[in-house]
Amino acid sequence: MVPYLSIFRAFRIFALAIFLPVVTGLVVFAQEIPEDLLEDEHVREEFGVNDFTTPSIRKIFEDLNSLRPLPYDQLKRKVPETTPKDRSKLALALGGLIADGFLAVEAEKLLDLEPVGRALLKHAKVLGAGTRLSEHTNSILEHGALGDWSGLKTELAKTQKDVEKEMVLIRDVDAAHLISLGGWLRALEIGCAASLDPFDAKKAGVLARADVAEYFVESIKTLEDRVQDKEHMKRIATGLEEIYTMLDVPESKAFTEAEVKTLMAKVQEMNGIALEPAKKSVAATPPKSDKGPATPDLTSETPKTVPADQ
Numbered sequence: 001m002v003p004y005l006s007i008f009r010a011f012r013i014f015a016l017a018i019f020l021p022v023v024t025g026l027v028v029f030a031q032e033i034p035e036d037l038l039e040d041e042h043v044r045e046e047f048g049v050n051d052f053t054t055p056s057i058r059k060i061f062e063d064l065n066s067l068r069p070l071p072y073d074q075l076k077r078k079v080p081e082t083t084p085k086d087r088s089k090l091a092l093a094l095g096g097l098i099a100d101g102f103l104a105v106e107a108e109k110l111l112d113l114e115p116v117g118r119a120l121l122k123h124a125k126v127l128g129a130g131t132r133l134s135e136h137t138n139s140i141l142e143h144g145a146l147g148d149w150s151g152l153k154t155e156l157a158k159t160q161k162d163v164e165k166e167m168v169l170i171r172d173v174d175a176a177h178l179i180s181l182g183g184w185l186r187a188l189e190i191g192c193a194a195s196l197d198p199f200d201a202k203k204a205g206v207l208a209r210a211d212v213a214e215y216f217v218e219s220i221k222t223l224e225d226r227v228q229d230k231e232h233m234k235r236i237a238t239g240l241e242e243i244y245t246m247l248d249v250p251e252s253k254a255f256t257e258a259e260v261k262t263l264m265a266k267v268q269e270m271n272g273i274a275l276e277p278a279k280k281s282v283a284a285t286p287p288k289s290d291k292g293p294a295t296p297d298l299t300s301e302t303p304k305t306v307p308a309d310q
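Under the numbering used here, think of the first position of the sequence shown as 1, with each following residue one higher.
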């Protein structure tokens with residue numbers, strides 16, 4: 001299928017922010033990034049110790065224009081009131097929020113942009129990138145109040161770039177990959193919705209990027225074992241494999257409306273994982289005894305609060 005300029009292409013460019021192995025602890029991907037998704041050379045140099053690929057978010061806004069009007073009412077999500085305690089979920093949610101910010105700006109929904117901006121800052125602070133984002137969040141709100149959509153696009157571009165910078169500084173490669181994945185999944189959902197409202201086989205053609213899905217399938221395998229072993233991350237990995245299979249179609253085959261609906265349902269399921277509440281541990285009930293109250297075990301330690309996985 002011929003790739004068309006669209007919201008999906010724009011977001012998949014944003015999603016492919018990676019870190020190359022110049023400093024200790026950075027990971028080499030076995031799966032190469034599709035060459036057409038790499039940015040120009042002048043944006044790759046940020047720190048003397050890191051070769052860092054920074055995709056241009058401005059391209060997202062430029063390409064979104066071709067799909068206006070977007071089915072905004074269908075795509076609008078309730079802004080989360082709390083932040084996930086699990087760091088991997090937090091990173092996924094942050095990526096989705098950045099995508100929601102792009103969507104609100106493109107639809108020129110000022111009233112919806114403010115809560116997204118505040119939630120973005122709250123998530124970034126918990127993740128460790130709040131210092132850089134505080135200034136941008138205030139600027140985003142100021143530009144929004146003035147209806148300066150061009151200025152908003154510039155500030156959102158800086159926001160994405162600074163989150164990635166902060167992840168480089170704190171050596172949290174896993175979080176950076178998951179932020180990108182969260183943004184890409186939300187973008188894929190938007191791309192599906194745009195091609196279904198009403199169904200347009202030409203728009204649906206931009207979804208057929210199995211190479212992008214394969215990149216994320218492989219990038220998940222580079223995360224630390226303790227992250228990969230989380231139950232929700234196993235579901236993410238399985239879901240990515242399923243999405244890859246759905247997108248891996250011959251160039252001559254066009255997606256049907258039913259296939260796009262199935263793809264969108266799977267992507268929505270994936271996007272919901274980051275927003276799931278943490279499971280509460282249920283204490284086991286001791287068996288009843290006919291010999292009267294059990295004698296307390298004074299040798300056991302008082303249960304301690306275990307911090308959330310970082």
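Beta carbons: idealized from backbone N, C-alpha and C, even for Gly.
Are the beta-carbon atoms of residue i and residue j separated by less than 9 Å?
{"i": "Ile179", "j": "Leu94", "result": "yes"}
{"i": "Lys203", "j": "Ala194", "result": "yes"}
{"i": "Lys89", "j": "Glu276", "result": "yes"}
{"i": "Leu133", "j": "Val163", "result": "yes"}
{"i": "Arg186", "j": "Gly96", "result": "yes"}
{"i": "Lys158", "j": "His136", "result": "yes"}
{"i": "Phe102", "j": "Leu156", "result": "yes"}
{"i": "Ile273", "j": "His232", "result": "yes"}
Rounded to a whole number of angstroms, what is the C-alpha to C-alpha distance between residue i and residue j?
{"i": "Lys253", "j": "Leu181", "result": "26 Å"}
{"i": "Val126", "j": "Met246", "result": "35 Å"}
{"i": "Asp112", "j": "Ala104", "result": "7 Å"}
{"i": "Lys261", "j": "Cys192", "result": "8 Å"}
{"i": "Arg87", "j": "Pro80", "result": "16 Å"}
{"i": "Trp184", "j": "His177", "result": "11 Å"}
{"i": "Leu110", "j": "Ile140", "result": "10 Å"}
{"i": "Ser150", "j": "Gly144", "result": "10 Å"}
{"i": "Gln74", "j": "Glu108", "result": "15 Å"}
{"i": "Ile83", "j": "Ala91", "result": "Sequence check: residue 83 is Thr here, not Ile. Approximately 10 Å between the Cα atoms of the pair."}
{"i": "Gln268", "j": "Gly130", "result": "27 Å"}
{"i": "Leu263", "j": "Glu257", "result": "10 Å"}
{"i": "Ala124", "j": "Lys221", "result": "24 Å"}
{"i": "Leu70", "j": "Lys76", "result": "11 Å"}
{"i": "Asp248", "j": "Asn271", "result": "21 Å"}
{"i": "Met167", "j": "Ile98", "result": "15 Å"}
{"i": "Phe199", "j": "Phe255", "result": "10 Å"}
{"i": "Tyr72", "j": "Val227", "result": "33 Å"}
{"i": "Pro250", "j": "Glu259", "result": "14 Å"}
{"i": "Asn138", "j": "Glu114", "result": "10 Å"}
{"i": "Ala175", "j": "Gly128", "result": "10 Å"}
{"i": "Glu224", "j": "Ala278", "result": "21 Å"}
Mapping the DSSP letters down to three states, classify residue i as helix, strand or coil.
{"i": "Val28", "result": "The predicted position of Val28 is uncertain, since its pLDDT is 38 and thus under 50; no value can be drawn from it."}
{"i": "Leu185", "result": "helix"}
{"i": "Leu70", "result": "coil"}
{"i": "Ile60", "result": "Here Ile60 scores only 47 on pLDDT, less than 50, and its place in the model is too uncertain to base an answer on."}
What are the boundary residues of the alpha helix (DSSP H) that includes residue i?
{"i": "Ser219", "result": "Ala210 to Ile220"}
{"i": "Phe102", "result": "Arg87 to Glu106"}
{"i": "Gly117", "result": "Leu110 to Leu127"}
{"i": "Val227", "result": "Asp225 to Gln228"}
{"i": "Ser139", "result": "Gly130 to Leu146"}
{"i": "Glu269", "result": "Glu257 to Ile273"}
{"i": "Glu241", "result": "Glu231 to Leu247"}
{"i": "Ala278", "result": "Looking at the DSSP string, Ala278 is not in any alpha helix (DSSP H), and its letter there is neither H nor E."}
{"i": "Ala254", "result": "No alpha helix (DSSP H) holds Ala254; DSSP gives it neither H nor E."}
{"i": "Lys202", "result": "Ala201 to Ala204"}
Does the distance between the C-beta of residue i and the nearest non-hydrogen atom of the ligand HEM fall short of 8 Å?
{"i": "Glu269", "result": "Absence of the ligand HEM is noted for the structure shown, with no ligands found whatsoever."}
Would you please verify whether the beta carbon of residue i is less than 9 Å from any beta carbon of chain C?
{"i": "Gly144", "result": "Absent from the structure is chain C; it holds one protein chain and no more."}
inquiry  = Measuring CB atoms only, is the region 118-125 touching the region 206-221, in the sense that at least three cross pairs come out at less than 8 Å?
reply    = no
message = Using 8 Å as the cut-off, can you tell me whether the region 238-245 makes contact with the region 215-225, which would need three or more C-beta pairs spanning the two stretches below that distance?
response = yes
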